[in-house]
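Protein chains: 2
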Amino acid sequence: MKFISTPVKGMNDFLPSDMRLRQHVLGLIRETYARYGFDEIETPAMEHIENLSGKIGGENEKLIFKVMKRGRELEKGLQTGEIADSGLRYDLTVPLARYYSNNRNVLPSPLKALQIGNVWRADKPQKGRFRQFTQCDLDIIGDSSIMAEIELIAATSKMLTRIFSEVGISEFTVHINDRRILKGMAAAAGFAPETFDDVFIILDKMDKIGIDGVKESLLEKGYAPEAVEAYTAMFGKITPDLVCGEFCSQTCGSCLDEQVPANMDTIMSTVSHMVDPGVSLVFDPTLVRGMSYYTGTIFEVTIDGYNFSIAGGGRYDDMIGRFAGQSAPACGFSIGFERIVTILKDLNWKEEEGVTERRAFLVDEKAGAEKLLEVFEKATQMRAEGITVSVQPLRKNAKFQVETLEKSGYTEIRKVYADTQI
Amino acid sequence: MKFISTPVKGMNDFLPSDMRLRQHVLGLIRETYARYGFDEIETPAMEHIENLSGKIGGENEKLIFKVMKRGRELEKGLQTGEIADSGLRYDLTVPLARYYSNNRNVLPSPLKALQIGNVWRADKPQKGRFRQFTQCDLDIIGDSSIMAEIELIAATSKMLTRIFSEVGISEFTVHINDRRILKGMAAAAGFAPETFDDVFIILDKMDKIGIDGVKESLLEKGYAPEAVEAYTAMFGKITPDLVCGEFCSQTCGSCLDEQVPANMDTIMSTVSHMVDPGVSLVFDPTLVRGMSYYTGTIFEVTIDGYNFSIAGGGRYDDMIGRFAGQSAPACGFSIGFERIVTILKDLNWKEEEGVTERRAFLVDEKAGAEKLLEVFEKATQMRAEGITVSVQPLRKNAKFQVETLEKSGYTEIRKVYADTQI
Numbered sequence: 001m002k003f004i005s006t007p008v009k010g011m012n013d014f015l016p017s018d019m020r021l022r023q024h025v026l027g028l029i030r031e032t033y034a035r036y037g038f039d040e041i042e043t044p045a046m047e048h049i050e051n052l053s054g055k056i057g058g059e060n061e062k063l064i065f066k067v068m069k070r071g072r073e074l075e076k077g078l079q080t081g082e083i084a085d086s087g088l089r090y091d092l093t094v095p096l097a098r099y100y101s102n103n104r105n106v107l108p109s110p111l112k113a114l115q116i117g118n119v120w121r122a123d124k125p126q127k128g129r130f131r132q133f134t135q136c137d138l139d140i141i142g143d144s145s146i147m148a149e150i151e152l153i154a155a156t157s158k159m160l161t162r163i164f165s166e167v168g169i170s171e172f173t174v175h176i177n178d179r180r181i182l183k184g185m186a187a188a189a190g191f192a193p194e195t196f197d198d199v200f201i202i203l204d205k206m207d208k209i210g211i212d213g214v215k216e217s218l219l220e221k222g223y224a225p226e227a228v229e230a231y232t233a234m235f236g237k238i239t240p241d242l243v244c245g246e247f248c249s250q251t252c253g254s255c256l257d258e259q260v261p262a263n264m265d266t267i268m269s270t271v272s273h274m275v276d277p278g279v280s281l282v283f284d285p286t287l288v289r290g291m292s293y294y295t296g297t298i299f300e301v302t303i304d305g306y307n308f309s310i311a312g313g314g315r316y317d318d319m320i321g322r323f324a325g326q327s328a329p330a331c332g333f334s335i336g337f338e339r340i341v342t343i344l345k346d347l348n349w350k351e352e353e354g355v356t357e358r359r360a361f362l363v364d365e366k367a368g369a370e371k372l373l374e375v376f377e378k379a380t381q382m383r384a385e386g387i388t389v390s391v392q393p394l395r396k397n398a399k400f401q402v403e404t405l406e407k408s409g410y411t412e413i414r415k416v417y418a419d420t421q422i
Numbered sequence: 423m424k425f426i427s428t429p430v431k432g433m434n435d436f437l438p439s440d441m442r443l444r445q446h447v448l449g450l451i452r453e454t455y456a457r458y459g460f461d462e463i464e465t466p467a468m469e470h471i472e473n474l475s476g477k478i479g480g481e482n483e484k485l486i487f488k489v490m491k492r493g494r495e496l497e498k499g500l501q502t503g504e505i506a507d508s509g510l511r512y513d514l515t516v517p518l519a520r521y522y523s524n525n526r527n528v529l530p531s532p533l534k535a536l537q538i539g540n541v542w543r544a545d546k547p548q549k550g551r552f553r554q555f556t557q558c559d560l561d562i563i564g565d566s567s568i569m570a571e572i573e574l575i576a577a578t579s580k581m582l583t584r585i586f587s588e589v590g591i592s593e594f595t596v597h598i599n600d601r602r603i604l605k606g607m608a609a610a611a612g613f614a615p616e617t618f619d620d621v622f623i624i625l626d627k628m629d630k631i632g633i634d635g636v637k638e639s640l641l642e643k644g645y646a647p648e649a650v651e652a653y654t655a656m657f658g659k660i661t662p663d664l665v666c667g668e669f670c671s672q673t674c675g676s677c678l679d680e681q682v683p684a685n686m687d688t689i690m691s692t693v694s695h696m697v698d699p700g701v702s703l704v705f706d707p708t709l710v711r712g713m714s715y716y717t718g719t720i721f722e723v724t725i726d727g728y729n730f731s732i733a734g735g736g737r738y739d740d741m742i743g744r745f746a747g748q749s750a751p752a753c754g755f756s757i758g759f760e761r762i763v764t765i766l767k768d769l770n771w772k773e774e775e776g777v778t779e780r781r782a783f784l785v786d787e788k789a790g791a792e793k794l795l796e797v798f799e800k801a802t803q804m805r806a807e808g809i810t811v812s813v814q815p816l817r818k819n820a821k822f823q824v825e826t827l828e829k830s831g832y833t834e835i836r837k838v839y840a841d842t843q844i
């Protein structure tokens, strides 16, 4: 019989120590967002192939794991060349849009949703990139006001502070921008609306190629030198304590509804009263965010000292309506769960000592039924007191057995023989 | 753009109220088994098609959702007619065998594993039967002693008592038998070993067709009338307080190693000192359990008054070795998570009152930035005290909004206007 011991390519087996960390982080995520009034929801792993190919997914649509039709469905399908009618979800956004459309009449309004689940992408596996991984999304659907942004940023900052304080990290930066400010700046500089997305893709590389690189790339693409000059000059006006309102009036001028920077300033000043001292809120006009479905505020959180974001999101008021038929404003945050776990693991995260008391009885198999009963009665009593107790046979290689238990946080390990006093 | 709002056939969207129940039950499961020294592990949703077709899965192997190869792999595959090289797991047993084989060198020994995860079966959807559902398996690998059985039955009884006491149910019956006793009885009655599995399939229908039905079916199948007579007479010896040792000496005689009933009696008397008063342990010689991989003790838990089991399992000492190359004794329990959740829902399970205090501020959008700041500062303060607070815009249909929040356990809901005192 052929049997393959390794997991399917790009997918992971999680050891008990991995799981302790993952479940601990998931617990803090669930607990924190619950306190901000978020409700957990769940959608199936599989989605209709039509939904997965609806252009919300961007590049991820090329990475779908397709699930084959079965039996008679398959025979029927083969005639038309279609052998797959569903696929594994590549993100939690498509399922959310479908979920909201399917259940909106019985859901709270606004819906403040926490969705945690695995997603699958047939990506080239590499360090830190897997074909199955856990995503964690927060979304507020049905709230067009800035309360959505405020709740999302405040809750996410609190969640990150709680998690990372356990490894001594408390400094985060929340970068905030607005797609309308991006557009206002580009318009004021003289770019045509249909070129905006292309311009923003280049701007998005700023942190790698610098402002000169952005300038060069734009010129190479054939954009008018005056527009490029005007545009890149705007980013020269960025100062450490940038106030959105001032910056926008200097750059966008009449190309931007003045309510946009006013809201931005309210979001930032309100959130600054809600977060822990290590959290900096920065208006960052260079922040782009890849997905084209964003319509307003966009945000990204970085840990100071790491060069990638650990959470990101924004407002996407048109997308739900496009898919659900009926429009609904929406704003969301996606948490880089796997990145967070990787950082904590690299920093040798350890369960706080003393939270769980762990004891083990290693019983010699020749100890006899009466001794066994004594041990189990004692274990039952200790468990009733909230102590974790494992009863297991004493191994011949007891040294390895004891070491493994110690690594798992067992502090009192007793060997039990026929004459041991319990 | 075509968009389908309903989930893929046979799969579920879970509403916030569903999720509160599911997460609550999962929390009690995790917490209880942790206290008995079980470690959580996780395996990927996908498995190699070879592993899924290795005959552990029984009838479930006909229900595999196959995942298509991609790109070049697919082209290559099509030439040989093979277009799927992996599939979604239909249970957690096959992944466990692979996991143990892949990681045994770094796992504790014995491994006491809790695995919670979704499985997929392309079954005909019907009430209570879904194409994606959550399984919850407990297994002890590497313990050939009865300590494994004792820990598994005691922990599972405690878990069920904790969960069901919340809806007023405390009476459970753990039915215990041993495949070797089943075989000993059949052998003593005169059946040939190669007919045992067939005989047990008929015996397994006892609860539906009665002892007379079993007799009739066996005769119809052409078994020797003397064997059928002797066999069915044995089941006449079942009494309410059946002691395994006595029963086996009367029925199996020399066809059974006497250590088997001795162990059974030790398991039952030891566990009886570890469980809550409502839990009855019953030696049940009619218990069969479907899967042919069981080699020793088998068990099933029923709630008194319900006619189906909510957990079941047994010892399967040969299976891991068959797949992992190196043999390892194993014993496991599979929890009927979806059944448990369904029963609790039917009995109107409600979150215990007062565990979480929930308050909401419904803010009129015209209240202004200063009032908003006041509300959020108050909310931040309350959250720091452990209170759940949701801040959201006041809806035009405030009545529905308030009712929905009340249903979700919000007890203090305040509407906030520009002139409201916070």
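Read top to bottom, the protein sequences are chains A and B.
Sequential numbering from 1 applies to the first sequence in the working numbering.
Sequential numbering from 423 applies to the second sequence in the working numbering.
Glycine residues also receive a C-beta, built at the ideal position from the N, C-alpha and C atoms.
(request) Please confirm if D257 (chain A) has its CB atom under 8 Å from at least one CB of chain B. (result) Translated into the one-based positions of the first sequence, residue 257 (chain A) becomes position 257. Chain B, which has no Cβ nearer than 8 Å to the Cβ of D257 (chain A), makes this no.
(request) Express the C-alpha separation of K424 (chain B) and T502 (chain B) in angstroms, rounding to a whole number. (result) Residue 502 (chain B) sits at position 80 when you count from the first residue of the second sequence. Residue 424 (chain B) sits at position 2 when you count from the first residue of the second sequence. Interpretation of T502 (chain B) is limited by its pLDDT of 48, a score under 50 that renders its predicted location unreliable; the figure taken from the coordinates is listed afterwards. Looking at the backbone, the Cα of T502 (chain B) and that of K424 (chain B) are separated by about 34 Å.
(message) With distance defined between alpha-carbon atoms, name the residue in A:N105, A:I146 and A:F130 nearest to E814 (chain B).
(response) As a position in the second sequence, residue 814 (chain B) is number 392, starting the count at 1. For the record, residue 814 (chain B) in the displayed sequence is Gln; it is not Glu. Checking every option, the nearest Cα to that of Q814 (chain B) belongs to A:I146.
(request) Would you mind listing the alpha helix (DSSP H) stretches within the region 565–599 of chain B that are 4+ residues and don't spill past its ends, in chain order? (result) With a minimum length of 4 residues, the continuous alpha helix (DSSP H) runs that stay inside the region 565–599 of chain B are 569–587.
(request) Ignore the nearest five residues each way along the sequence and tell me which others in P285 (chain A)'s own chain have a CB closer than 8 Å to its CB. (result) Taking the first sequence and counting its residues from 1, the one referred to as residue 285 (chain A) is at position 285. Taken in chain order, the residues that qualify are N177, I181, L182, M185, M234, F235, I238, L242, F247 and T251.
(message) If distances are taken between C-alpha atoms only, which option among A:I340, A:R358 and A:V389 comes closest to V25 (chain A)?
(response) Here residue 25 (chain A) is taken as the residue at index 25 of the first sequence, counted from 1. By alpha-carbon distance to V25 (chain A), the top candidate from A:I340, A:R358 and A:V389 is A:I340.
(request) Quick one: grab the DSSP three-state call for L218 (chain A). (result) For the purposes of this step, residue 218 (chain A) is identified with residue 218 of the first sequence, where counting begins at 1. Note: L218 (chain A) maps to helix in three-state DSSP.
(message) Is the separation between the beta-carbon of R744 (chain B) and that of G718 (chain B) shorter than 8 Å?
(response) Here residue 744 (chain B) refers to the residue found at position 322 of the second sequence. Here residue 718 (chain B) refers to the residue found at position 296 of the second sequence. G718 (chain B) sits away from R744 (chain B), with the two beta carbons spaced by 8 Å or more.
(request) Given a cut-off of 8 Å, decide if A576 (chain B) and L485 (chain B) are closer than it, judged by their beta-carbon atoms. (result) As a working mapping, residue 485 (chain B) is identified with position 63 in the second sequence. As a working mapping, residue 576 (chain B) is identified with position 154 in the second sequence. Contact: no.
(message) For D687 (chain B), report the span of its alpha helix (DSSP H) as first-last.
(response) Numbered from its first residue, the second sequence carries residue 687 (chain B) at position 265. First-last of the alpha helix (DSSP H) with D687 (chain B): Q681 to S694.
(message) Below 8 Å on C-beta distance, what does V682 (chain B) contact in chain A?
(response) Start at 1 with the first residue of the second sequence, and residue 682 (chain B) comes out as number 260. Neighbours of V682 (chain B) on chain A: none; closest Cβ ~14 Å, over 8 Å.
(message) Between T502 (chain B) and chain A, is the shortest Cβ-Cβ distance under 8 Å, so that the two count as touching?
(response) Indexing the second sequence from 1 puts residue 502 (chain B) at position 80. Below a pLDDT of 50, predicted positions are generally treated as unreliable, and T502 (chain B), at 48, falls in that range; no measurement from the model is reported.
(request) Could you work out which residues of chain A lie near Y715 (chain B), taking near to mean beta carbons separated by less than 8 Å? (result) Within the second sequence, residue 715 (chain B) is the residue found at index 293, counting from 1. Residues of chain A passing the Cβ test: none, with the nearest at roughly 13 Å.
(message) My assumption, with CB atoms under 8 Å, is that E423 (chain A) sits in contact with R20 (chain A). Please give the rounded CB distance.
(response) What is shown of chain A runs 1 to 422, which leaves residue 423 (chain A) out entirely.
(request) Identify the contact partners of V391 (chain A) in chain B, using a Cβ-Cβ distance below 8 Å as the criterion. (result) Here the question's residue 391 (chain A) lines up with position 391 in the first sequence. Per Cβ cutoff of 8 Å: G459, M569, I572 and E573.
(message) Using a 10 Å radius around the Cβ and a threshold of 16 neighbouring Cβ atoms, would you call V489 (chain B) buried or exposed?
(response) For the purposes of this step, residue 489 (chain B) is identified with residue 67 of the second sequence, where counting begins at 1. Around the beta-carbon of V489 (chain B), 16 or more other beta-carbon atoms lie within 10 Å, marking it buried.
(request) In the DSSP assignment, find the alpha helix (DSSP H) that holds L347 (chain A) and state where it starts and stops. (result) As a position in the first sequence, residue 347 (chain A) is number 347, starting the count at 1. Per DSSP, L347 (chain A) belongs to no alpha helix (DSSP H) and is neither H nor E.
(request) Say whether chain A places a C-beta atom closer than 8 Å to the C-beta of Y411 (chain B). (result) Absent from the structure is residue 411 (chain B), since the part of chain B shown begins at 423 and ends at 844.
(request) Give the interface partners of A782 (chain B) over in chain A, defined as CB-CB distance under 9 Å, in chain order. (result) For the purposes of this step, residue 782 (chain B) is identified with residue 360 of the second sequence, where counting begins at 1. Those are G37, listed as they occur along chain A.
(message) Using CA atoms only, rank isn't needed, just tell me which of A:S17, A:P7, A:S5 and A:A34 is closest to V777 (chain B).
(response) The sequence position of residue 777 (chain B) within the second sequence is 355, counting from 1. Cα-wise, what sits closest to V777 (chain B) is A:A34.
(message) Taking the beta strand (DSSP E) that R551 (chain B) belongs to, which residues open and close that run?
(response) Position 129 of the second sequence, counting from 1, holds the residue named residue 551 (chain B). Run containing R551 (chain B): none; DSSP gives neither H nor E here.
(request) Starting from the C-beta of A649 (chain B), find all residues in its chain whose C-beta is less than 7 Å away, skip the five residues before and the five after it, and write them out in chain order. (result) Reading the second sequence from its first residue, position 227 is the one you call residue 649 (chain B). Taken in chain order, the residues that qualify are A611, G612 and F613.
(request) Go ahead and pull the three-state DSSP assignment for M424 (chain A). (result) Residue 424 (chain A) is absent from the structure shown; chain A starts at 1 and stops at 422.
(message) Check whether chain A comes within 8 Å of A789 (chain B), counting only Cβ atoms and requiring the distance to be less than that.
(response) As a first step, residue 789 (chain B) must be located in the second sequence, where it is residue number 367. Output row for A789 (chain B): interface = no.
(request) Could you name the residues of the region 810–835 of chain B whose beta carbon sits closer than 9 Å to any beta carbon of chain A, in the order they occur along the chain? (result) Within the region 810–835 of chain B, the qualifying residues are T810, V811, S812, V813, Q814, P815, R817, N819, F822, Q823, T826, L827, K829, S830 and Y832.
(request) Can you say whether E828 (chain B) is buried or exposed, counting buried as having 16 or more other CB atoms within 10 angstroms of its CB? (result) Looking up residue 828 (chain B) in the second sequence gives position 406. E828 (chain B) is exposed by the Cβ-count criterion.
(message) I need the straight-line Cα distance from Q843 (chain B) to K837 (chain B), nearest angstrom please.
(response) As a working mapping, residue 843 (chain B) is identified with position 421 in the second sequence. As a working mapping, residue 837 (chain B) is identified with position 415 in the second sequence. Going from the Cα of Q843 (chain B) to the Cα of K837 (chain B) covers about 11 Å.
(request) With DSSP as the reference, label N434 (chain B) as helix, strand or coil. (result) Along the second sequence, one-based indexing puts residue 434 (chain B) at 12. N434 (chain B) sits in coil when the DSSP states are folded into three classes, being neither helix nor strand.
(request) Ignore the nearest five residues each way along the sequence and tell me which others in T465 (chain B)'s own chain have a CB closer than 8 Å to its CB. (result) Your numbering for residue 465 (chain B) matches position 43 in the second sequence. So the list reads R511, L514, P517, L518, R520, Y521, Q537 and G539, once near-sequence residues are dropped.
(message) What does the Cβ neighbour count give for I689 (chain B), buried or exposed, with the cut at 16 atoms within 10 Å?
(response) Residue numbering aside, residue 689 (chain B) sits at position 267 when the second sequence is read from its first letter. Residue environment: I689 (chain B) is assigned as buried (16 or more neighbouring CB atoms within 10 Å of its CB, all protein chains considered).
(message) Is there a C-beta anywhere in chain A that falls below 8 Å from the one on E779 (chain B)?
(response) Here the question's residue 779 (chain B) lines up with position 357 in the second sequence. With respect to chain A, the C-beta atom of E779 (chain B) has no partner C-beta closer than 8 Å.
(message) Using a Cβ-Cβ cutoff of 7 Å, what residues of the region 428–443 of chain B are near chain E? List them in chain order.
(response) Annotation note: the requested chain E is absent from the structure, which comprises protein chains A and B.
(request) Taking I809 (chain B) as the reference, give the member of B:A820, B:Q823 and B:Y832 with the closest Cα. (result) Taking the second sequence and counting its residues from 1, one reaches residue 809 (chain B) at position 387. Ranking the options by Cα distance to I809 (chain B), first place goes to B:Y832.
(request) Please name the residues in the region 54–67 of chain A whose beta-carbon is closer than 8 Å to at least one beta-carbon of chain B, in chain order. (result) Under the 8 Å Cβ criterion, the region 54–67 of chain A contributes G54, K55, F65, K66 and V67.
(request) With 7 Å as the C-beta to C-beta threshold (strictly closer), list the residues of the region 531–543 of chain B near chain A in chain order. (result) Listed in sequence order: S531, P532, K534 and N540.
(request) List in chain order: all unbroken alpha helix (DSSP H) runs of 4+ residues lying wholly within the region 231–255 of chain A. (result) With a minimum length of 4 residues, the continuous alpha helix (DSSP H) runs that stay inside the region 231–255 of chain A are 244–251.
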